[in-house]
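There are 2 protein chains.
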Amino acid sequence: MKQQLLQRLNDRAAIIGVVGLGYVGLPLVLRYAEVGYKVIGLDIDQAKVDLLQQGKSYIEHITESAIQLAVDRGFEATTDFTYAEQADALIICVPTPLNKYREPDLSFVLDTMDSLIPHLRVGQVVSLESTTYPGTTDEELLPRIESRGLKVGNDIFLVYSPEREDPGNPNFTTRTIPKVCGGHTQACQDVGVALYGQVIDRVVPVSSTRAAEMTKLLENIHRAVNIGLVNEMKIVADKMGIDIHEVIRAAATKPFGFVPYYPGPGLGGHCIPIDPFYLTWKAREYGLHTRFIELAGEVNSAMPDYVIGKVASALNQRMKSVNGSRILVLGIAYKKNVDDMRESPSVFMMEKLRDLGADVQYCDPHVPVFPKMREHHFDLKSIELNALSISQFDCVLLATDHDKFDFTLIEKNAQLIVDARGKYLVRADHIVKA
Amino acid sequence: MKQQLLQRLNDRAAIIGVVGLGYVGLPLVLRYAEVGYKVIGLDIDQAKVDLLQQGKSYIEHITESAIQLAVDRGFEATTDFTYAEQADALIICVPTPLNKYREPDLSFVLDTMDSLIPHLRVGQVVSLESTTYPGTTDEELLPRIESRGLKVGNDIFLVYSPEREDPGNPNFTTRTIPKVCGGHTQACQDVGVALYGQVIDRVVPVSSTRAAEMTKLLENIHRAVNIGLVNEMKIVADKMGIDIHEVIRAAATKPFGFVPYYPGPGLGGHCIPIDPFYLTWKAREYGLHTRFIELAGEVNSAMPDYVIGKVASALNQRMKSVNGSRILVLGIAYKKNVDDMRESPSVFMMEKLRDLGADVQYCDPHVPVFPKMREHHFDLKSIELNALSISQFDCVLLATDHDKFDFTLIEKNAQLIVDARGKYLVRADHIVKA
Chain R
1 MKQQLLQRLN DRAAIIGVVG LGYVGLPLVL RYAEVGYKVI GLDIDQAKVD
51 LLQQGKSYIE HITESAIQLA VDRGFEATTD FTYAEQADAL IICVPTPLNK
101 YREPDLSFVL DTMDSLIPHL RVGQVVSLES TTYPGTTDEE LLPRIESRGL
151 KVGNDIFLVY SPEREDPGNP NFTTRTIPKV CGGHTQACQD VGVALYGQVI
201 DRVVPVSSTR AAEMTKLLEN IHRAVNIGLV NEMKIVADKM GIDIHEVIRA
251 AATKPFGFVP YYPGPGLGGH CIPIDPFYLT WKAREYGLHT RFIELAGEVN
301 SAMPDYVIGK VASALNQRMK SVNGSRILVL GIAYKKNVDD MRESPSVFMM
351 EKLRDLGADV QYCDPHVPVF PKMREHHFDL KSIELNALSI SQFDCVLLAT
401 DHDKFDFTLI EKNAQLIVDA RGKYLVRADH IVKA
Chain L
1001 MKQQLLQRLN DRAAIIGVVG LGYVGLPLVL RYAEVGYKVI GLDIDQAKVD
1051 LLQQGKSYIE HITESAIQLA VDRGFEATTD FTYAEQADAL IICVPTPLNK
1101 YREPDLSFVL DTMDSLIPHL RVGQVVSLES TTYPGTTDEE LLPRIESRGL
1151 KVGNDIFLVY SPEREDPGNP NFTTRTIPKV CGGHTQACQD VGVALYGQVI
1201 DRVVPVSSTR AAEMTKLLEN IHRAVNIGLV NEMKIVADKM GIDIHEVIRA
1251 AATKPFGFVP YYPGPGLGGH CIPIDPFYLT WKAREYGLHT RFIELAGEVN
1301 SAMPDYVIGK VASALNQRMK SVNGSRILVL GIAYKKNVDD MRESPSVFMM
1351 EKLRDLGADV QYCDPHVPVF PKMREHHFDL KSIELNALSI SQFDCVLLAT
1401 DHDKFDFTLI EKNAQLIVDA RGKYLVRADH IVKA
C-alpha cells in the first residue's frame, strides 16, 4: 500500500482532498492545483463552495484569478463528503477554537472525521493541519480510523502537519514556509513527507505526531508570551515616563540575543489568543500549570481596557467624558493590512466605548462594512477619512495601523489621537501613547 | 566647554578613563587604546592593576598580547583615583549585583562615584555603563556631580550607555556591537555620541538616560523570560513524552515569528539572573508588579532542583541512591566555551549533590581548578576525561556543553548520562534528558 501511495504522490497522480476551505485550506488547494494535482475541496459551507465553483474568492488576499486557474485545472469544491473516497490524501484544515470556558473545542475536527469515516479506504493518507494539543491525532483520530478496520501504518496512513499560514505576510507563501510533519508510524511519516514534498520547498519530519502538535503550540505560545511581556513592559515604562517603543527600537539594535515584539491593544486573530490554551488544558491532565501562558493571557486580555482607560483620561484632561464623545476607531481588523476580524481587540474596544456612552464610528480600508459576527453587532460602515471628517471627532483611537491610512492627514486634523500602536514618534500635545 | 570636549574626543586627543577593569571595562580599554586614545584604567583591585601593568590578562578570552599592545601604547592602570582628574572621559563599568533580598546593590557604583567626585572638573564627560534601573543616572549620579558645583550639560556632561559585552561570542566585538547612549541633556547626548563614535561602529542615541537604562533591562528581561518559558515548556513536554529539543529545532524552521531559546539547568552569569530584578524593584515605587520577571525568576531558579531530581530518579532506576554515588559534573562555567563561574547553576547542583551524599567531581576545560567563590567551596580540580575515568562514575551530569568535550567518548564510556543541554539526540538507555 505504502509504495503505491508514495508513487502516486511523487508522480503527482494522487487526488488531493482538502477538507475545510478557509484561510488554511484554500491556499493549500491552490498550491496543489498549481503543481498539477487533481484537487477536491470539501466544506460544509454551501456558500463558499458555490463561490469557488464560480471562480470567486471570499478571502481578501486570495485573488479570483488564482481560484479560476485552479478551477480550470480541475479543482472541484463540494459539500458532498462521499467525494472523499476518490481522494488519495485527505488534509483536514478546520477551526479549533476554544469554548467559553477556554477549553479546546474539537467539534469541527471530530465532526469532520465522523463525516469522513464512512468514505475512508485502503491506500489513503489522512493529515490533520488544525492546531491542537499534543495527543489529539493519536487519541482522537487514530481510534476513529481504526474503528473502520483499517490498520494505520499498513492500510492507511496518519500524520499531523501543522499549518503555518501567515495572511498578509508578503515574504512567504504556502510553498516557501517549511512544513513540520510527524507520522503515527515511520511509514506514516514517509507518506506524509511525500504528500507535502511536491508542493512545499522544505518538509521537516519530526519523530511523532505529538512532537508536531507541540511544535505548532510552542510557536504560538512564544508569540503570546512575548507580546504579553512587552505589554507588561509598556505599562511599567509608561508609568516611569519612558516610551516603550523607543526602548524596543533601541534594544532591537542588539545584533544577538534580542528580538523585538511590539505592544498593542491586545491579541487578535484565530491563533495567538487561542492556541496556547490548548496546551494549558492538556497539561492539567498531567497535573501541570502552564503559568507563562496563563499570565500572558491575563496581561494581553487586559490591554483593551488599558487603552480605553487612556482614552478616558485623555478626554477627561480636555474636560470631556467618554459619555457623549464622538470617537473614531481606526483599524478594526486584528492586525495591519488584513481584513480578518477574528478576536479583534478593536471590536472589544468599540463595545466598551459604546457601553460607556460614546458615539463610536470606525474607519478600516480593509473592512468597508462591519461584518456580522457571532457575538458582536455594529450597524456601521467604514467612514471616509478627510480633514473634515477627522476633525469632527473628540478622539481618534489608532487601534490597527494599516499602511493604507494617511497618518499625516490624521495627525494634522485630529483633535486628539490615542495611539495604541506606537505609530507616532513625535511628541505633541494632542497625541497620547496608549 | 562642549565644543572643546567634542573636539578632543573627535581628534582622539582626549584622555579616556575607564573605571572598573573587568569583563566590560577591560575590552573598552583595549578598544580605546587600539584607535589611539591615551587610556587610564582605574580599579580598586591592586592585583588586577599589577597584572595589567605587567601586560598580563586575568580574563580567558582576552589575550596577553592585546594587553601588552595597549600598555605599549601608553595604557596605564592604577588604584589611585586622583588620576581621574587627568581624564576627559570617565566611563564607569563596575558591577551592579543584587543583595540577598534581591534588591539592587548600587554600592559599587556609588562608592566609585564618591571616589571620583573630588577629582571631577569642568570639561569632563561621565558615562555609566553598569546595568541598572531606570532613573539611576538622574537620581543618583546627577545630584552627586552637581554637589561639586558643576552644572551638568554646561560644565560637565553625563550619559548612560549600557554595556552589551557577550564574552565568548565569536561574531561580535566591542567595536561591532551597536551602543545605545542617552544623555541627561541634549548637549550630554552629543558628547556621549562623540565619546563612543570613534570606537564603536554604530552609536544609537536615545532621548534620555532612563530610556537607555530601560533598553538594557528590556534586552535581558527578554532573555530571562524566554528562557523561563522554554524551561516551563520542557517540563510539560517531558511529562507528555515529548523531547523539547526536537520541538524547538522543528519550530526554529519557521522563518518568521519564532526565535529559538533553549532550556537548561538554570540561569547563570552576571546579567540574566540579576538585571531583571532591578526593574522589579523600581517598579514597586510605582505600585506595579513585574509578573513576567518574577515568574521567570521562579521557574529558572527551580531548574537546578529539577535536574537533580532527574539524576536521583535515573540512579534510583538503577537501584542506586544519590548518597554514595560517584557523580561527574561536566561543565561548571555558566555557559559554553567561557570560564565565567558567576551564578553558575552547576555550582548549585554540585552543592546539592554533595549535600545528598554524592561523591562529586567535575571536569571543565575552561576551569582547571575550582575557584575561590564567596559562598561556595570545593577543594577540587578538573579531572581528566578518558574512557577509564568516565566509566568509573555512576552518573555523568552534562551541565554545560563546552565544545571542547569529546561527546562521543563520553557517550561510549559513561554508565549513565543525565543531559541537561539536549546535546544527545540519540535515544539510548543510558542517556536521560533533563
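Top line first, the protein sequences correspond to chains R and L. Position 147 of the first sequence, counting from 1, maps to 147 under my numbering, and the rest follow consecutively. Position 103 of the second sequence, counting from 1, maps to 1103 under my numbering, and the rest follow consecutively. Idealized CB from N, CA, C, for every residue including glycine.
Residue i (DSSP reduced to helix, strand or coil)
i	result
G1197(L)	helix
F277(R)	helix
K1254(L)	coil
T1136(L)	helix
S65(R)	helix
T1082(L)	helix
K183(R)	Before going further, note that residue 183(R) is Gly rather than Lys in the sequence given. Of the three classes helix, strand and coil, the one that applies to G183(R) here is strand, per DSSP.
P1205(L)	strand
L1385(L)	coil
E1034(L)	helix
L1446(L)	What the structure shows of chain L is the stretch from 1001 to 1434, and residue 1446(L) is not part of that stretch, so it cannot be assessed.
G1017(L)	strand
A1299(L)	Before going on, a small fix: residue 1299(L) reads as Val here, not Ala. Here V1299(L) sits in helix by DSSP.
A77(R)	strand
Listed by chain order, chain L residues near residue i by CB distance under 7 Å
i	result
G17(R)	Ordered by position in chain L, no residue passes the 7 Å Cβ test against G17(R), which lies about 26 Å from the chain.
L295(R)	R1291, F1292 and L1295
N169(R)	F1256
Close Cβ partners of residue i (< 7 Å) along its chain, the five nearest in sequence each way excluded
i	result
I221(R)	P276, L279 and I293
Q68(R)	G55
V1247(L)	A1237
T82(R)	H119
A1194(L)	L1006, L1009 and N1010
N1231(L)	P1263, V1299, N1300 and M1303
D1155(L)	M1001 and V1122
Where residue i meets chain R, residues with beta-carbon distance less than 7 Å
i	result
A1237(L)	M214
V1396(L)	Going along chain R, no residue has its Cβ under 7 Å from V1396(L), so there is no contact; the nearest lies around 25 Å.
P1134(L)	M240 and I242
I1431(L)	Residues of chain R passing the Cβ test: none, with the nearest at roughly 15 Å.
A1283(L)	V236
V1199(L)	Simply none; closest approach about 16 Å.
Partner residues on chain L for residue i, Cβ-Cβ distance less than 8 Å
i	result
Y286(R)	V1236, K1239 and M1240
G228(R)	F1292
R435(R)	Nothing in the structure corresponds to residue 435(R), since chain R is present only between 1 and 434.
I177(R)	K1254 and P1255
E219(R)	A1251, K1254, G1257 and F1258
E232(R)	T1290, R1291 and F1292
Close beta carbons around residue i, own chain, < 6 Å, minus the five adjacent residues each side
i	result
K1002(L)	A1187
A1312(L)	V1322
L51(R)	Y58
A353(R)	The sequence shown places Leu at residue 353(R), rather than the Ala named in the question. Taken in chain order, the residues that qualify are I327 and V360.
Proximal chain R residues relative to residue i, where beta-carbon distance stays under 8 Å
i	result
R1164(L)	K254
A1211(L)	I242, D243, E246, V247 and A250
F1172(L)	P255 and F256
S1207(L)	D243 and E246
L1279(L)	V236
DSSP beta-bridge partners of residue i
i	result
V360(R)	I327(R)
L1397(L)	V1329(L) and V1418(L)
K1433(L)	D1419(L)
V1125(L)	A1089(L) and F1157(L)
P104(R)	L98(R)
Same chain, Cβ closer than 8 Å to residue i, neighbours up to 5 away in sequence not counted
i	result
I1015(L)	Y1037, K1038, V1039, I1040, Q1086, A1087, D1088 and A1089
Closer than 9 Å at the beta carbon, the chain L residues around residue i
i	result
A434(R)	Going along chain L, no residue has its Cβ under 9 Å from A434(R), so there is no contact; the nearest lies around 17 Å.
V204(R)	R1249, A1250 and T1253
S161(R)	Within chain L, no residue comes near S161(R); the closest Cβ sits about 11 Å away, beyond 9 Å.
Contact set between residue i and chain R, taken where Cβ atoms lie within less than 9 Å
i	result
S1115(L)	What S1115(L) touches in chain R: nothing, since even the nearest Cβ is about 29 Å away.
beta-carbon residue i near the ligand COA non-hydrogen atom, thresh 6 Å
i	result
A251(R)	Within the structure as shown, the ligand COA is missing, as the structure has no ligands at all.
query = Does the region 1354-1362 of chain L touch the region 1405-1420 of chain L, meaning 3 or more C-beta pairs lie closer than 8 Å?
reply = Not touching, per the Cβ criterion.
message = For the region 283-299 of chain R against the region 324-338 of chain R, do three or more pairs of beta-carbon atoms, one drawn from each stretch, fall closer than 8 Å, so that the two count as touching?
response = At 8 Å Cβ cutoff, the stretches do not touch.
request  = Say whether the region 1142-1150 of chain L touches the region 233-249 of chain R, bearing in mind that this needs 3 or more beta-carbon pairs closer than 8 Å, one atom from each stretch.
outcome  = As far as the Cβ criterion goes, the region 1142-1150 of chain L does not touch the region 233-249 of chain R, which means the pair count is below three.
message = I want to know whether the region 257-267 of chain R touches the region 414-432 of chain R - three or more CB-CB distances under 8 Å.
response = Below 8 Å, enough C-beta pairs join the region 257-267 of chain R and the region 414-432 of chain R to call them touching: three or more.
request  = Could you say if the region 242-256 of chain R and the region 165-180 of chain R meet the contact criterion of at least three C-beta pairs nearer than 8 Å?
outcome  = Verdict: no, contact absent.
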